[in-house]
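Numbering (this note's numbering), first residue to last: 129 to 509.
The structure appears below as structure tokens.
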Amino acid sequence: MINQQRNPDAGSQAPILVTGGAGFIGSNFVLDYLASGSGPVVNLDKLTYAGNPENLASVRHDPAYTFVHGDINDAALVAELLQRHQPRAIVHFAAESHVDRSIAGPEAFLRTNIDGTFTLLQAARAHFATLSETQRSQFRFLHVSTDEVYGTLLPEDPAFHEDTPYAPNSPYAASKAASDHLVRAWVHTYGLPAIITNCSNNYGPYQFPEKLIPLMIANALQGKPLPVYGDGQQVRDWLYVIDHCRALRTVLESGRIGETYNVGGGNQRSNLEVVNTLCALLDELVPTSKFAPHKQLVAFVTDRPGHDRRYAIDARKLENELGWHAEESFETGLRKTVQWYLANSTWVEHVTSGAYQNWIAQNYAARESSSTAIATAEAAR
Ligand code: NAD
Ligand code: TYD
129 MINQQRNPDA GSQAPILVTG GAGFIGSNFV LDYLASGSGP VVNLDKLTYA GNPENLASVR
189 HDPAYTFVHG DINDAALVAE LLQRHQPRAI VHFAAESHVD RSIAGPEAFL RTNIDGTFTL
249 LQAARAHFAT LSETQRSQFR FLHVSTDEVY GTLLPEDPAF HEDTPYAPNS PYAASKAASD
309 HLVRAWVHTY GLPAIITNCS NNYGPYQFPE KLIPLMIANA LQGKPLPVYG DGQQVRDWLY
369 VIDHCRALRT VLESGRIGET YNVGGGNQRS NLEVVNTLCA LLDELVPTSK FAPHKQLVAF
429 VTDRPGHDRR YAIDARKLEN ELGWHAEESF ETGLRKTVQW YLANSTWVEH VTSGAYQNWI
489 AQNYAARESS STAIATAEAA R
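This is the structure we're talking about:
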């Protein structure tokens, strides 16, 4: 079903077309972009389980914001939106994004992440051909991707840089790698002015509580087990979502066509460190909690199949070339995030009702608690 709310008074500035703008990073980006006065936004989102219009309630009546309920695989719809809105850029977030879901059911990942990106690229290419010389020089296709395309690192390996060979290990990572390759080919073959960003793990407001940080916060507040996969020594490089949004705006305005920019905050932490830090923050911020100390809720469970051991991003190209720097440290960002979830318990209640419970049952019921992992992890604490 296509449900289009259009704001005819959006002003004369050319809008950007955002895909997947009702998800975690997309909605933070739309809010940040509108707040920065960068121009109008048209948001095309299918509203899967991960898309939530509530994230954008504060801009629903903003004349600079237009929401379109639809699928990026709908070529006719995408062509019509490009023709009607004449965006100066496409910022492509729409994706299936959760590794565990990609292991349980990879099909949707191939359909949206690969086929959907192909559909968008073809529509962008056809649209680009209709533009004037001036419009062409301004048009951009910004493809938002992940560091997971690079595979996994050993403890002593240098961080991923833009020339690190692709070696995706999960169905999610493989589908994003495929989409990156398509974008690259459309630049080289058809001259589409696209740029790719590969970012590390994001955290912050509006993240769906299937991902590590919001899941742990939601579970801890309810006194539920905190399921740490394997020995909890896997390392991720965390970036506060608003820093990612600022990086995307920077790349959109000043990035070089055909280039890739890695985005990361230089915050490598093991999963167990992240969970322990969250528990300490909750002990402090919810002193009356009957579940404190929250660390007692940690439960080591069967590992994720093919679990990547370590990700780390070298963001020096973005920093040196375009002057972007992460503003939030992991400590300040995590504190803000916990405070946001504490202040937005209604949002959490809404997104964790219904189908969410089925996913939690499916993903965690089959994972046994792992005594080997506990022994290893206890030693590492
Ligand atoms: P998300 O799962 O929270 O949101 C995805 C959004 O895309 C949802 O609003 C969903 O409704 C929409 N969508 C899904 N399929 C669609 C389709 N066929 N047509 C239109 N809309 C559709 O994802 P996220 O965490 O916000 O990630 C956004 C992008 O950033 C993804 O491309 C992801 O690969 C990338 N990324 C994410 C992270 C991270 O840590 N979350 C890190 C680096 C890169
Ligand atoms: P996740 O948030 O799913 O992001 P990604 O897989 O894209 O890195 O997971 C982050 C890390 O946390 C990853 O190493 C898997 C781990 N993890 C757990 O230990 N327990 C969980 O319940 C979840 C969801 C993730």
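Positions of the beta carbon are idealized from the N, C-alpha and C atoms, including for glycine.
Given the structure is predicted, the values throughout are model-derived calculations rather than measurements.
Its chain contains 323 as the residues whose beta carbon lies nearer than 7 Å to that of residue 387, once the 5 sequence neighbours on both sides are disregarded; these appear in chain order. Between the ligand TYD and the CB of residue 226, the shortest heavy atom gap is smaller than 8 Å. The count of Cβ pairs closer than 8 Å, one atom from the stretch 362-371 and one from the stretch 293-303, stays below three, leaving the stretches out of contact. For the pair residue 398 and residue 315, the Cα-to-Cα distance works out to about 37 Å.
Placement of the Cβ of residue 296 at a distance of 8 Å or more from every heavy atom of the ligand TYD is found. A direct Cα-Cα distance of roughly 14 Å separates residue 276 from residue 282. Judged by beta-carbon spacing, residue 146 lies beyond the 9 Å limit of residue 269, meaning their Cβ atoms are not closer than that value. Going by C-alpha positions, residue 294 is about 10 Å away from residue 280. CA-CA distance, residue 310 to residue 224, rounds to 17 Å. For residue 371, same chain residues with a beta-carbon under 7 Å away, outside a window of 5 residues either side, are 393, 454, 455, 456 in chain order. Only residues of its own chain outside the window of five on either side were considered, and among them 357, 358 have a CB closer than 6 Å to the CB of residue 431, listed in chain order. Taking C-alpha positions only, residue 153 is separated from residue 236 by approximately 19 Å.
Relative to the ligand TYD, residue 339 has its C-beta within less than 8 Å of a heavy atom.
The Cβ atoms of residue 374 and residue 160 lie closer than 9 Å to each other. Distances taken from the Cβ of residue 257 to the heavy atoms of the ligand NAD include none shorter than 8 Å. Excluding five sequence positions before and after residue 496, the CB atoms of its chain that fall closer than 8 Å to its own CB belong to 429, 430, given in chain order. At a cut-off of 8 Å, the beta-carbon of residue 373 does not count as near the ligand NAD: no heavy atom of the ligand is closer than that.
In this structure, residue 289 sits near residue 390, with a CB-CB distance shorter than 9 Å. Annotation for residue 231 indicates a beta carbon at 8 Å or more from all heavy atoms of the ligand NAD. The stretch 397-411 and the stretch 243-256 do not touch, with fewer than three beta-carbon pairs separated by less than 8 Å.
Within the same chain, 427, 429, 492, 495 come within 7 Å of residue 355 by CB-CB distance, once the 5 residues on both sides are set aside.
In this structure, DSSP gives residue 325 an extended state, which the three-state scheme calls strand.
For residue 427, no alpha helix (DSSP H) run applies; the uninterrupted beta strand (DSSP E) run containing it begins and ends at 426-429, by DSSP.
Here residue 177 carries a coil assignment [DSSP, helix/strand/coil]. Rounded to whole angstroms, the separation of the alpha carbons of residue 353 and residue 421 is 13 Å.
Short note on residue 395: C-beta not closer than 8 Å to any heavy atom of the ligand TYD. Secondary structure of residue 252 (DSSP, three-state): helix.
Residue burial annotation: residue 262 is exposed, with fewer than 16 other C-beta atoms found within 10 angstroms of its C-beta.
Residue environment: residue 174 is assigned as buried (16 or more neighbouring CB atoms within 10 Å of its CB, all protein chains considered). Every beta strand (DSSP E) of 3 residues or more that sits fully in the stretch 200-261 is shown, in chain order, as 217-220.
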